[in-house]
Structure formats: structure tokens, C-alpha cells
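Scroll down for the structure; my scribbles are underneath it.
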Amino acid sequence: MQHLPTPKQETESLQVFGMRMMKTLYARVLYDDAKCVAKGASNRIKELLVNNGRVVGVKVQTQDGKEQEIKADAVILACGGFCNDHSPSDSLLTKYRPELAAYPSTNGTFADGSGIKIALKIGAQKPSDCLKSVCRKTTRGFVDPNDPKYNTKLMCPEALRGFGGILVNKEGRRFANELGLRENFVALIEQHCTVDPISGFKTAYLIMNDAIVDHFGRPAFEIYIKKGLVKKASNMKELCEMAGIPIENLQNTLNDHDRCFRKEKLDAFGKSNFPVQFQTNKNFYFCQTTPCVHYTFGGLKINERCQVLSGTMRPIESLFAAGEIVGGTHGAERLSGNSLLECVVFGRLAAVEAMKGGRLQYRQLNSSSRNPNVTKGKFSIKFHDVEATKFLTGIRLTIC
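With this note's numbering applied, the sequence shown corresponds to residues 957 to 1356, in that order.
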């Protein structure tokens, strides 16, 4: 269960680590030398360019539909998994886990498996049954009232249940141990919850109070309220009116919950830890959540240097991979938050190894010119007297 630290003060700004990491890296790249960055975020990669067994760049489709070749001394595939791969012709999600294809995803549309597919086309080792390992989180997807049918859902933190949030169905009844194993939740939601007529997904309501919000961190929680993902009610009656839940049922549910909190009875679903109790005349917060495809564990095979391996288990020269596109990093399941660790560790390793290879090739082809260097983990590229030789005009990394 992933828990966020509580800010020291109500006014303290709480920055989510993943967001802070990305913003810091992006700002630093632009600060170091914006000219070194190919701003191709709107380009769509079509294929890897190969010359004599070595990857020498990528072919992309630009925003205006034109194709363009980008030459590079190394290519790092870091474009995620296939949680949102709904291609009508070659969807990896449909091929390996067809029963999940209809579920929404917490991933953006970029997670379409394209990186895996283009690597396979040039002879990368075919992933085995590990592609069938797909993490399907339970309360991970907020149903956005402003766009309920949208297939990409913002991730709902599991910490909200960890701090005491309860799950109820449309009838206002609990149906599970909120602290139970996540793999059990999907079946329970399928069994006890109904399809929401507006979103088209089976949904549950996550109900919280002020104590839960304070433990989670109010500044971070306010973001969900501002986005309209979480609604606030001044009491239980108002909550039921807003959500369309029978008030008598929810009253009974909360009464049973609070009796368990006071150790007056055992929970029917096996829950033993009740962090908070609910008072019906106090503030309530609630949201709709739905099961989502959240993470894929299968993907390309790499070695200890992040080099993508071929069908003969030999490294494909100048092709590296890091992140969710790689298979076998976590096994059949992963701990919450470990994907960020994976990105940092393997992302840095892939970059360092790609720079080493590019620097070696540069020295071989430009022995009399000034060499690029790497200092204290920061890439400092200096090519004042470099002339284009073959594909190499210095070390150029293409990160897809």
C-alpha cells in the first residue's frame, strides 16, 4: 500500500515525487542546452533505422503527417508498456489478455506497445508468457464526472483506502475488506457492483471523511476536488442525495463500520484495522472508481547494461530500453512506487551505457577530434571541432 507523507502545515505545498522528478529533469535539460534537445514530442515513431546490424536512428511521422528520419548514435526505448493498446490489427493487450481489452487504463494513449512492436520487427527477442502478466488495479481509476466515458482514468491513490476510506456499491453496502489483496477486488466489484449508466463501467463509491483527508495530506487531496473527481458533502444525507445512494442502507453500513472501529463486533469481510470512524453529521468526501489496467510486466528482454537482446540473446548494437517496456523487472507483481525506482535506476543506466557506446564509436571515427565527456553523472557534450563522419556527428541519443 502506498502512503504519502502528511505535510507539516496546511499551506505547505505537497509535490508528488514522480511529477517533481519529471519537471526537474525537463527543466534541467532545457537549462543545460535547449539546442541539444530535439523537440519531437508530437512525433510518432514508425520504425527503427538499422545499418549493418546497428541501430542508427528512427523514422517518425511528424504532426503534419510527413515522415522524417532522425539519425542517432544510440536509441533508448522508454515509451512504456501496452496498457492502452487498442490497435484493431495488432493489439498486444487483445492478443495476450483479451479479457482486459474492454477495461479503461490509468495510462495515456502513448502506452500502445509501439516500442515493443518496432523492436520485434528488427529481431528483438520475442517476449514469452510474461506478456500475460498485466497488473489490473482496483480503485485505481477515478471516474471523471466531466468526461465519464473517457478510457484513460486518473489514478486514485490506494492510500485513501489505507487511511480508512470504505468502498460501497450503488446500494450503499460494503462488499470487501478495503485493505485486502488488490487482485481480489476486481472479482468483487464485478460481483457486487453495477454498470454505471453514464460511464458504462462497473463502479464503486469510495467514501472518506476529514480524518482520512488530513492523514493523506489535504493539499494533495484538494487537487482531486478542484478537478471535480472528488465531491464534498456536509453530511451523510447530502452525500446520499448527490450520489443517489439509499440513505438507510448507508446509515446501516456506517453504523456497522463504527462498531468494528470500537471493537464491538468482528467485520464480516475480515478487516481488522479500522483507522477512523464516521460521524453522519460531519463532512464526507466521495468519488466513483472503476477497475483499470494499470501496469504491464512483460516486454523486451535486456541485459545488465540495458541493451535490448535479439532472438539469439545477443545485444542489438546501439539499442537500449528502460522502464515498463522491459519485461521481468518486477516478476508477476510489483510494490507500489517501485516503478519510479525502476525508471530512475534503469533510465540512468541506459543513458550511461548509450553514452559509453557512442563515445567509443566517436573515438574510432574521429580519433583526432576532441572527445565528448561525462562528468559527475551529468552529460556534458562538447563537439566544437567535430565533422560529420558517416552517421556520427557527435553523440546523439534518441529517446523514444
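Beta carbons are placed, not taken as given, at the ideal position from N, Cα and C, and that holds for glycine.
For valine 1124, the enclosing beta strand (DSSP E) covers residues 1122 to 1124. By DSSP's assignment, phenylalanine 1240 forms a beta bridge with Asn1165 and Ala1189.
Rounded to whole angstroms, threonine 1065 and glutamate 1220 show a C-alpha spacing of 48 Å.
Under a 10 Å Cβ-count criterion, glycine 1013 is classified as buried, with 16 or more other Cβ atoms of the shown protein chains found around its own Cβ. Between the region 1230 to 1241 and the region 1186 to 1206 there are three or more inter-stretch CB-CB distances shorter than 8 Å, so the stretches are counted as touching.
A distance below 8 Å separates the beta carbons of tyrosine 1251 and glycine 1037. Taking every protein chain shown into account, the CB of glycine 1097 has 16 or more other CB atoms within 10 angstroms, so this residue is buried. Under the three-state reduction of DSSP, tyrosine 1052 is assigned to helix. Setting aside the 5 residues that flank it on each side, leucine 1056 is surrounded in the same chain by Leu1049, Val1090, Arg1092 and Val1249, each with a C-beta closer than 7 Å to its C-beta; the list follows chain order. Taken in chain order, the complete beta strand (DSSP E) segments of 3 residues or longer contained in the region 1095 to 1144 are 1122 to 1124.
Ranking Ala983, Gln1024 and Phe1242 by CA distance to the CA of cysteine 1112 puts Phe1242 first.
In this structure, DSSP gives asparagine 1007 an extended state, which the three-state scheme calls strand.
The count of Cβ pairs closer than 8 Å, one atom from the region 1133 to 1145 and one from the region 1222 to 1229, reaches three, so the stretches are in contact.
Secondary structure at glutamate 1023: strand, using DSSP grouped into helix, strand and coil. In the structure shown, the three-state DSSP call for leucine 1256 is strand. By the C-beta density criterion, asparagine 1008 is exposed, having fewer than 16 other C-beta atoms within 10 angstroms.
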